Amino acid sequence: MSVKFDNSIISRIQQATDIVDVISEHLSLAKKGKEMVGLCPFHADHKPSLNVNPAKQIFKCFACGAGGDVFKFVQLRENLGFADAVERLAQRAGIKLEPLRRRRKESDKPDADPKRVAQANAWAQKLWQNNLYHEQQGAKARKYIKQRQISVESAKEWGLGLALDGWDDLVRQAKAAGIPPKHLLDAGLVVSKDGGGVYDKFRNRLMFPISDVTGRLVGFGGRTLSEKEAKYMNSPATVLFDKSTCLYGLDKARHEIVSSGTAVVVEGYTDVIMAHQFGFRNVAATLGTSFTTGHARVLRRYAKRIILVFDSDTAGMEAANRALEVCLTERIDIKLAFVPEGKDPCQFLLESGQDAFGKVIAGAVDVMEFKWQRLIDGIGASDNLTDRRAAIEEYLRTVAVAIRSGRCDALTKGLIVHKLSEIIGLSGNQINRELSRLTAQLIRSDNFAVQNQKVVSTDLPDGLFARAQREILEVLLNEPKLFESVAAKVTVEDFDDKILREIAEVVFESLGKNEKASLKTLLSRLESVQAGSAIVDMAQAGAEKGNFKDRLEQALNVVADHIQDIAKSRMKSTLSDDDTESLRKINEILPRTNRRNPGMMPA
116 MSVKFDNSII
126 SRIQQATDIV
136 DVISEHLSLA
146 KKGKEMVGLC
156 PFHADHKPSL
166 NVNPAKQIFK
176 CFACGAGGDV
186 FKFVQLRENL
196 GFADAVERLA
206 QRAGIKLEPL
216 RRRRKESDKP
226 DADPKRVAQA
236 NAWAQKLWQN
246 NLYHEQQGAK
256 ARKYIKQRQI
266 SVESAKEWGL
276 GLALDGWDDL
286 VRQAKAAGIP
296 PKHLLDAGLV
306 VSKDGGGVYD
316 KFRNRLMFPI
326 SDVTGRLVGF
336 GGRTLSEKEA
346 KYMNSPATVL
356 FDKSTCLYGL
366 DKARHEIVSS
376 GTAVVVEGYT
386 DVIMAHQFGF
396 RNVAATLGTS
406 FTTGHARVLR
416 RYAKRIILVF
426 DSDTAGMEAA
436 NRALEVCLTE
446 RIDIKLAFVP
456 EGKDPCQFLL
466 ESGQDAFGKV
476 IAGAVDVMEF
486 KWQRLIDGIG
496 ASDNLTDRRA
506 AIEEYLRTVA
516 VAIRSGRCDA
526 LTKGLIVHKL
536 SEIIGLSGNQ
546 INRELSRLTA
556 QLIRSDNFAV
566 QNQKVVSTDL
576 PDGLFARAQR
586 EILEVLLNEP
596 KLFESVAAKV
606 TVEDFDDKIL
616 REIAEVVFES
626 LGKNEKASLK
636 TLLSRLESVQ
646 AGSAIVDMAQ
656 AGAEKGNFKD
666 RLEQALNVVA
676 DHIQDIAKSR
686 MKSTLSDDDT
696 ESLRKINEIL
706 PRTNRRNPGM
716 MPA
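With the first letter of the sequence shown counted as 1, position 225 gets the number 340 in this note's numbering; the numbers rise by one all the way through.
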């Protein structure tokens with residue numbers, strides 16, 4: 116079901132919402148002249164490509180093509196339709212919405228609705244919180260929380276709850292609340308039975324709500340209280356939740372991460388809660404998975420550097436080794452910290468205190484230092500030629516990634532090659548050749564990845580008529596006073612491309628009412644993100660070309676010719692092939708204009 120809102124409401128939301136503030140909730144922005152720049156979240160951006168213009172209240176990525184206003188950013192970033200993005204920003208601004216009308220589109224699909232999933236999650240959290248603080252039902256879970264030394268204040272701040280030890284507590288409560296089973300299924304809160312019906316996914320577990328960076332509840336983690344089942348269980352993948360990109364606690368840690376420039380990443384829910392309880396407010400955690408490229412790209416939007424904290428046991432060392440290669444590949448300043456004696460951060464904080472954990476963080480080692488020590492340990496731990504070769508190849512791969520990412524300059528590389536030559540007995544030339552081979556391999560891999568990226572760009576049609584349509588819109592976006600001459604010759608129906616027609620509709624409607632058709636206003640009336648990106652491009656292109664009257668005249672001539680061609684074609688279709696006199700009369704009635712290529716005239 117598609118919802119339409121009155122333009123005045125859209126305008127109120129827009130006035131109450133600053134695009135810089137909204138985008139800053141998703142990534143770190145830096146001032147550059149009159150604009151703000153940051154790493155684009157819509158493609159694998161390695162240098163700031165996203166530009167935000169506070170004066171115009173628009174954004175534009177000059178690498179992948181994404182662009183638009185604050186509504187389009189939220190649509191793209193949170194995978195929402197236009198109406199849902201309006202509702203999200205209205206809620207953020209504290210504005211009550213009144214839908215103008217509802218209509219069903221043929222293209223509407225019965226897929227999971229992100230808004231409904233978020234609502235189901237919020238409802239479940241409230242239910243589980245009530246369970247936790249129920250005098251009898253929550254006693255065991257509250258005792259566990261107390262044993263873990265999680266304070267009452269922390270338990271409430273992090274929204275901890277309790278899923279009861281039963282198969283249908285949540286299902287029954289949802290039925291009583293009028294929540295359809297489909298919404299529960301879409302949110303991953305229940306599981307389908309083979310014979311029909313559903314049952315609770317989380318049972319007898321302490322529940323940890325997981326929010327995205329904006330605070331929207333996207334999923335849950337559950338810690339068993341029985342020790343008979345898997346220790347931890349996460350929500351399955353949903354329209355909102357993907358554990359390879361979600362970080363627990365990032366919504367609460369984001370501001371401190373941006374302020375300090377450093378993100379500290381641990382591995383568990385209680386590690387995060389305890390770190391925050393002890394005053395380390397820039398800590399977040401992966402969700403039972405290895406540190407992934409997705410995690411790195413999310414954190415890179417907020418942090419200048421990342422410190423990964425691991426246990427100092429063998430498993431922790433291996434996890435650190437995998438994680439640092441991800442960070443190097445993503446060109447992130449990365450350091451590694453290890454909690455002594457194989458303890459996790461939660462346990463270490465409780466036993467050793469705030470200062471000791473602070474020293475662990477402060478003592479984080481650089482990637483190359485860690486890898487060098489790993490190489491020395493690997494060579495010394497075995498006389499087996501295969502093992503020693505594997506250790507050397509692993510180290511050289513890391514050096515190659517560091518070179519490719521700009522983390523290893525020529526001087527550092529020379530020192531590494533010299534030291535390595537002394538240890539393994541190969542010449543510097545041999546080592547350099549191997550590094551060149553590995554670096555070239557990485558470049559080929561990067562090129563392949565770039566070719567296969569999902570680029571948020573708009574492919575508008577080409578050809579003389581299509582360019583003329585774009586030219587008309589480019590002119591009107593920059594010189595709206597020329598609308599009267601356009602309206603006398605062209606209608607919205609003459610725009611045959613879907614995206615161009617969507618833009619023409621809002622432009623013609625606004626100018627036809629003698630409204631001040633600013634780019635900001637027009638963007639707020641476009642529902643598709645493709646149209647949003649296209650109108651930003653056209654406004655900029657038109658401004659750069661200038662010479663509006665001459666360009667418009669040429670474009671209108673081309674459109675007129677195209678319309679006449681269609682009319683002739685229709686008239687000809689009603690005539691016989693030998694009716695030459697009629698064909699001659701058609702050409703007399705519909706004379707040709709002097710066609711020129713719009714957009715090609717010198718400015």
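From the three backbone atoms N, C-alpha and C, an ideal C-beta is built for every residue, glycine too.
Everything numeric in this text was worked out from a predicted model, so none of it was measured.
{"Check": "Residues sharing a beta bridge with residue 323, DSSP", "Outcome": "336"}
{"Check": "Option nearest residue 198 by Cα separation, candidates 128, 524, 478, 263", "Outcome": "128"}
{"Check": "Best match in 677, 676, 618, 377 for proximity to residue 652 [C-alpha to C-alpha]", "Outcome": "618"}
{"Check": "Cutoff 8 Å; reference residue 264; Cβ partners in own chain excluding five residues on either side", "Outcome": "389, 465"}
{"Check": "Cβ pair residue 407, residue 441 closer than 9 Å", "Outcome": "yes"}
{"Check": "Nearest neighbour of residue 638, chosen from 349, 510, 172 [CA to CA]", "Outcome": "172"}
{"Check": "Beta-ladder partner(s) of residue 147, from DSSP", "Outcome": "150"}
{"Check": "Exposure label - residue 783; buried when at least 16 CB within 10 Å", "Outcome": "No answer is possible for residue 783: it lies beyond the span of the chain, which begins at 116 and ends at 718."}
{"Check": "Residue 286 in three-state terms, based on DSSP", "Outcome": "helix"}
{"Check": "Segment contact flag, the stretch 297–309 with the stretch 265–276, C-beta cutoff 8 Å, min 3 pairs", "Outcome": "no"}
{"Check": "Residue 569 (DSSP reduced to helix, strand or coil)", "Outcome": "With a pLDDT of 40 at residue 569, under the threshold of 50, the modelled position of this residue cannot be trusted; read the value that follows with caution. Residue 569: coil per DSSP, three-state reduction."}
{"Check": "Alpha-carbon spacing of residue 599 relative to residue 664, whole angstroms", "Outcome": "12 Å"}
{"Check": "Exposure of residue 312, with buried meaning 16 or more beta-carbon neighbours within 10 Å", "Outcome": "exposed"}
{"Check": "Beta strand (DSSP E) runs contained entirely in the stretch 524–549, provided each spans 3 or more residues", "Outcome": "none"}
{"Check": "Host beta strand (DSSP E) of residue 421 (start-end)", "Outcome": "420–426"}
{"Check": "Buried versus exposed, by CB contacts within 10 Å (16 or more), residue 404", "Outcome": "exposed"}
{"Check": "Status (buried if at least 16 other CB within 10 Å, exposed otherwise) for residue 472", "Outcome": "buried"}
{"Check": "Simplified DSSP state of residue 185, which is helix, strand or coil", "Outcome": "helix"}
{"Check": "Residue 509 Cβ short of 8 Å to the ligand MG heavy atom set", "Outcome": "The ligand MG is not among the ligands present in this structure, which contains no ligands whatsoever."}
{"Check": "Limits of the alpha helix (DSSP H) - the one that residue 636 falls within", "Outcome": "634–639"}
{"Check": "Alpha-carbon spacing of residue 592 relative to residue 667, whole angstroms", "Outcome": "12 Å"}
{"Check": "Among 200, 170, 476, 597, nearest to residue 449 - alpha-carbon criterion", "Outcome": "476"}
{"Check": "Three-state secondary structure assigned by DSSP to residue 236", "Outcome": "helix"}
{"Check": "Boundaries (first-last residue) of the alpha helix (DSSP H) holding residue 613", "Outcome": "613–627"}
{"Check": "Cβ neighbour criterion (16 or more within 10 Å) applied to residue 584", "Outcome": "buried"}
{"Check": "Pair within 9 Å by beta-carbon distance, residue 351 and residue 240", "Outcome": "no"}
{"Check": "Alpha-carbon to alpha-carbon, residue 250 and residue 111", "Outcome": "The chain is shown from 116 up to 718; residue 111 falls before or after that span and cannot be answered."}
{"Check": "Backbone CA spacing between residue 631 and residue 622 [nearest angstrom]", "Outcome": "10 Å"}
{"Check": "Classification of residue 121 by the beta-carbon crowding that lies within 10 angstroms, buried from 16 upward", "Outcome": "exposed"}
{"Check": "Residue 455 versus residue 347: straight-line alpha-carbon distance, rounded", "Outcome": "24 Å"}
{"Check": "Inter-stretch contact at 8 Å, needing at least 3 Cβ pairs: the stretch 486–504 / the stretch 412–423", "Outcome": "no"}
{"Check": "contact_flag[the stretch 668–675, the stretch 189–205] where n(CB pairs < 8 Å) is 3 or more", "Outcome": "no"}
{"Check": "Assumed close pair residue 320, residue 338 - CB separation to whole angstroms, cut-off 8 Å", "Outcome": "6 Å"}
{"Check": "Identity of the residues DSSP links to residue 404 by a beta bridge", "Outcome": "Beta-bridge pairing links residue 404 to no other residue."}
{"Check": "Opening and closing residue of the beta strand (DSSP E) in which residue 307 lies", "Outcome": "305–307"}
{"Check": "Separation of residue 238 from residue 334, as counted between CA atoms", "Outcome": "12 Å"}
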